[in-house]
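Residue numbers (our numbering), protein chains in the order written: chain A, 1 to 255; chain B, 1 to 274; chain C, 1 to 328. Where is the CB? At the ideal position from N, CA and C, for every residue including glycine. Take a look at the structure set out below.
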Amino acid sequence: MLQLDRISFSYGGGTLAIDGVTLRFEPGELVALTGPNGSGKSTLLKCAARVLVPQSGSIRLDDQESRQWLPKAYARAVGYLPQNPEPVVPIRAIDVVVSGRAPWLGRFSWESARDYEEAERALRLCDAAHLAERYLDEMSGGERKRIFLARVLAGEPRLILLDEPLTALDVAHVQQLAALLRQVVERTTATVIFSSHELNWSAAYADRMLVMNRGRVVMDGRPREVMTPEVMRDAFGFDAEAVTTAGRTWIVPRV
Amino acid sequence: MAAVACGAPSHVGVIDDLGRRVEVPSRIHRVVTLAPNLTEMVYALGGQKLLVGTDDFSDFPPEAKRLRKVGGMQPNVELIAALSPDVVLATTNGNHASLAPSLASAHIAMFVVAGERLEQIPSGLRKVADILKLTSGEEASSALRRAIERQRRHRIHPPSVLFAVWASPMYVAGGETFIDDLIALTGAKNAVPPTMHGWPAFSLESFAASPPDILLYPGASVSRKQIDAVLERVPHWKGTVAAVDENRFTRPGPRVAQAAADLNAILDRWKPTP
Amino acid sequence: MNSASDLRRLLFLIALLLAIVATAILVGVTFGASGAGLRTLFGSDPTARRIVMGIRLPRVLLAALEGAALAVAGLTFQTLLRNPLADPFILGVSGGAASGAAVGIALGIARRHPAAIPLLSFAGACGATAAVFLLARRRRGVDPIRLILSGLVLNSFFSAIILVSLSLSPNSDLTVAFRWMIGNLAGASWNDVIVLAVSLAVALVVLVWIANDLRLFSFGEEDASGRGVAVERVKLAGYATASLLTGAAVAVSGIIGFVGLLVPHLVRMAWRRDYRHLLPLSALAGAALVVTSDVVSRTIAPPLELPIGALTAFLGVPFFLLLLRRET
């Protein structure tokens with residue numbers, strides 16, 4: 001459904017943050033986008049979300065050039081969640097989630113009862129229905145992540161792009177959220193691409209793992225193909241051991 | 001002159017000293033003045049019966065104190081309107097000009113009279129008389145012009161005079177002011193360099209660089225103590241210091257000839273140091 | 001169900017504020033230095049009628065429009081910059097508008113073409129907005145403290161421009177500069193009311209047009225872009241409109257500070273919703289605040305009038321410091 005063809009991007013004409021990336025995503029995939037800091041993960045997601053426009057290459061959604069889509073139509077198809085969206089003024093969870101319906105609204109229209117139903121459905125899916133009337137600044141980090149995920153889901157996108165949804169969470173919440181992403185793919189048949197530094201969790205839940213380094217995609221495969229000491233050393237720059245228990249491969253840093 | 005036929009009393013268009021075209025009723029019964037020199041002019045023209053209000057500072061002649069007051073630096077538009085004047089007389093002071101649109105909304109005409117230069121004072125008197133339809137205008141104006149002319153002196157040793165309106169910082173009467181004109185009229189010269197116009201701040205350094213022979217200050221708003229405190233810082237200066245009647249010297253009104261006479265008296269007493 | 005009860009609450013608040021504004025206008029028209037009351041309007045005294053219709057009514061209406069314009073400008077700046085401390089006065093935009101007007105007065109344009117003053121104010125406001133924006137801009141959004149600092153610096157710069165141009169202009173003195181810098185409604189005329197009413201109407205049309213986009217700025221520009229908002233176009237329209245409002249407001253009354261800061265926050269205390277709710281509520285609350293302040297400023301010690309800018313500063317400064325403490 002989404003096809004990136006030799007796209008390159010640089011901020012202000014400096015070094016290339018994205019350097020000739022070609023990728024193809026199919027419906028119903030859960031894709032983990034990994035790589036060291038500054039390898040271009042966020043930039044790639046922003047390009048796919050049309051927040052940034054690559055200087056060269058083409059991005060096609062449903063075989064149509066992304067720039068030819070109307071902004072609102074594109075936003076209906078693609079739900080993007082930036083890293084750490086922080087409101088500056090207090091806001092209720094339900095208002096955050098229902099604002100995910102914005103691409104479906106006309107210029108002067110307000111959210112209808114159906115939009116609120118969608119929002120509540122998304123909240124339930126994220127196991128956050130009880131938080132609806134609470135204010136965001138009174139919530140824990142994990143609760144907030146679920147609210148923002150619900151917001152993306154409320155827009156009923158077919159492609160979901162999440163920038164580091166697992167960061168700044170404790171282990172229990174990381175697991176919860178990773179499992180939730182799996183559920184989303186299974187229940188909605190949307191494609192989910194999320195960037196993450198949580199290699200083991202990503203490998204445990206994702207169908208496909210991408211490894212980026214210096215703006216290039218250096219690995220693209222099934223988690224078991226990526227989770228090897230060689231990839232860790234070459235792409236991430238650390239010494240690791242692969243430990244296999246109960247049919248899963250885990251990467252453990254060598255101390 | 002053909003009067004416009006309509007219900008309201010007919011008006012005449014006049015150009016005031018800001019160059020604005022003002023529609024003034026052709027018959028004037030009620031006048032508000034916004035500055036003491038204008039109040040004095042109306043009295044000098046014998047038009048005091050028309051005065052229904054003045055600004056807070058108008059205190060001359062003493063009867064003027066009993067008129068209704070409409071405020072000081074920033075007159076109150078509503079109090080002016082409450083007196084329902086046919087015309088408001090104002091000066092070129094920017095605060096007065098800013099009231100014009102508001103008064104216009106209440107259909108009250110405001111006429112601005114300039115009084116920055118000495119020669120504007122007799123002609124201002126004439127303009128006020130014309131607006132108020134007072135017959136004494138021509139006579140009063142030429143009498144004032146003659147009275148001013150009588151104070152013209154030529155001095156072989158013209159003393160330099162500094163007129164300080166405020167002591168610290170020292171604000172002085174510079175070029176193109178009626179005080180500057182008065183100094184020239186009485187045969188003295190302004191200690192302020194001619195390039196400094198209006199009412200500039202005058203540093204002690206400038207004071208030391210071009211020391212005046214005579215330092216004048218308005219006796220009501222500046223005290224001798226304030227002047228002495230400034231002069232302590234220029235101990236080498238040995239000039240004359242004199243207080244003058246504040247209101248005669250700072251109001252461009254009909255008493256300006258008396259100010260010139262006062263100035264001549266001070267200058268006549270002065271002896272050049274050998 | 002949620003949306004319906006929200007809308008009901010919004011309409012209730014709008015009705016309440018309308019009632020407060022109407023009351024404030026009525027009180028403002030009834031009381032004044034000359035003592036002429038509203039009753040005289042129905043009497044036969046032409047002077048009292050002239051005072052009420054010609055002087056008090058334009059002044060009170062101008063106060064209402066002024067409050068609405070500044071509050072909406074403040075709300076829009078806060079939304080675009082995602083900074084709760086933003087306000088046309090604090091950012092230096094009001095100062096830019098006033099120096100535009102002051103330069104116009106100094107060059108004698110004001111006397112020949114009085115209608116040019118609001119345009120010069122607008123140009124000054126736009127210049128100041130661009131300057132603030134460039135000075136405070138960082139890779140990830142706009143840094144709140146940098147924003148306040150650049151506003152402070154710009155304000156001193158614009159004060160200097162106002163003082164210099166008005167000192168150099170003929171027939172003028174520092175009390176006129178003071179009028180521009182502290183804000184004053186004493187010269188209100190029907191012309192001023194028309195200028196500000198037209199500007200406010202134009203601005204509201206634009207802001208209602210982009211309200212559904214602006215409210216999505218609350219989580220940042222990238223997030224808004226991801227929701228299908230044409231971010232750059234909305235920003236341009238928003239900044240230009242907020243500058244227009246500030247320029248027009250300052251052109252007719254000088255700088256009245258802190259209204260744009262105070263009002264959106266007071267509204268949010270009562271009703272924490274997005275831009276679409278806050279826009280009408282801020283406009284009305286701003287109108288109510290400035291009309292009330294104006295009535296107080298001219299009835300507290302008649303016939304003296306306190307400058308209205310001083311009164312709003314009394315209210316605004318403690319509030320600003322409180323917010324600043326919470327921010328840092």
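Residue-level contact to chain C via CB, residue i, 8 Å cutoff
i, result
"N76(B)", "yes"
"D137(A)", "no"
"K72(A)", "yes"
"D62(A)", "no"
"A173(B)", "no"
"R67(A)", "no"
"H107(B)", "yes"
"P303(A)", "Because chain A here runs from 1 to 255, residue 303(A) falls outside it and cannot be looked at."
"S195(A)", "no"
"S10(B)", "no"
"L50(B)", "no"
"R222(A)", "no"
Residue i and residue j closer than 8 Å at C-beta
i, j, result
"Y205(A)", "A246(A)", "no"
"N247(B)", "F111(B)", "no"
"V31(B)", "V14(B)", "no"
"A230(C)", "P71(A)", "yes"
"A203(C)", "L244(C)", "yes"
"G95(C)", "I182(C)", "no"
"H90(B)", "L34(B)", "The residue asked about is misnamed: residue 90(B) is Ala in this sequence, not His. Contact: yes."
"L33(A)", "V21(A)", "no"
"P75(B)", "I108(B)", "no"
"V195(C)", "A248(C)", "yes"
"S136(B)", "V230(B)", "no"
"I117(C)", "G104(C)", "yes"
"A190(A)", "P223(A)", "no"
"S56(A)", "I7(A)", "yes"
Among the options, the one whose alpha carbon lies nearest that of residue i
i, options, result
"L284(C)", "A4(C), L18(C), L7(C), L10(C)", "L18(C)"
"R216(A)", "G100(A), L4(A), D5(A), D19(A)", "D19(A)"
"S99(C)", "N212(C), N155(C), S189(C), L278(C)", "N155(C)"
"G127(C)", "T76(C), A177(C), T246(C)", "T246(C)"
"W237(B)", "A209(B), S223(B), Y217(B)", "A209(B)"
"L61(A)", "R24(A), R214(A), S112(A)", "R24(A)"
"K65(B)", "D56(B), G124(B), G71(B)", "D56(B)"
"T15(A)", "A172(A), G40(A), G35(A), E29(A)", "G40(A)"
"L266(C)", "A106(C), F158(C), L75(C), D213(C)", "L75(C)"
"I80(B)", "P194(B), A106(B), A173(B), F249(B)", "A106(B)"
"Q64(A)", "Q55(A), Y74(A), S56(A)", "Y74(A)"
"F178(C)", "Y239(C), V164(C), L315(C), R325(C)", "V164(C)"
"V296(C)", "R227(C), V198(C), L185(C)", "L185(C)"
Residue i at chain A interface by Cβ criterion, 8 Å
i, result
"E222(C)", "yes"
"L65(C)", "no"
"P280(C)", "no"
"R273(C)", "yes"
"A230(C)", "yes"
Below-8 Å beta-carbon distance, residue i vs any chain B residue
i, result
"I51(C)", "yes"
"I162(C)", "no"
"S34(C)", "yes"
"S189(C)", "yes"
Contact test: residue i Cβ vs the ligand NAD heavy atom, cutoff 7 Å
i, result
"L70(C)", "This structure simply doesn't include the ligand NAD, nor any ligand for that matter."
ask   = Quick one: any contact between the segment 186-206 of chain A and the segment 146-164 of chain A, if contact means 3 or more CB pairs under 8 Å?
value = yes
query = Does the segment 68-75 of chain C touch the segment 274-291 of chain C, meaning 3 or more C-beta pairs lie closer than 8 Å?
reply = yes
message = If we require 4 or more residues per run, which alpha helix (DSSP H) segments fall completely within the segment 185-235 of chain A?
response = 199-205, 223-226
task = Spell out a yes or no on whether the segment 257-272 of chain C and the segment 78-97 of chain A are touching, meaning 3 or more CB-CB pairs, one atom from each, closer than 8 Å.
result = yes
inquiry  = Restricting to runs no shorter than 4 residues, where is the alpha helix (DSSP H) found entirely within the segment 70-129 of chain A?
reply    = 71-77, 93-98, 113-125
request  = Could you tell me whether the segment 294-309 of chain C touches the segment 255-267 of chain C, where touching means 3 or more Cβ pairs closer than 8 Å?
outcome  = yes
inquiry  = For the pair the segment 244-259 of chain B and the segment 214-229 of chain B, tell me if three or more CB-CB distances fall below 8 Å.
reply    = yes
request  = Run through the segment 86-140 of chain B for me and flag every whole alpha helix (DSSP H) of 4 or more residues, listed as ranges in chain order.
outcome  = 94-97, 100-105, 120-132
ask   = Counting Cβ pairs closer than 8 Å, one from the segment 216-234 of chain C and one from the segment 76-87 of chain A, do we hit at least three?
value = yes
request  = Mind listing, in chain order, the continuous beta strand (DSSP E) runs of no fewer than 3 residues lying wholly within the segment 144-177 of chain A?
outcome  = 159-162
message = Pairs of beta-carbons, one from the segment 250-266 of chain B and one from the segment 135-154 of chain B, closer than 8 Å: are there three or more?
response = yes
query = Would you call the segment 150-157 of chain B and the segment 2-15 of chain C in contact, with 3 or more CB pairs under 8 Å?
reply = no
message = I want to know whether the segment 225-243 of chain A touches the segment 45-53 of chain A - three or more CB-CB distances under 8 Å.
response = no
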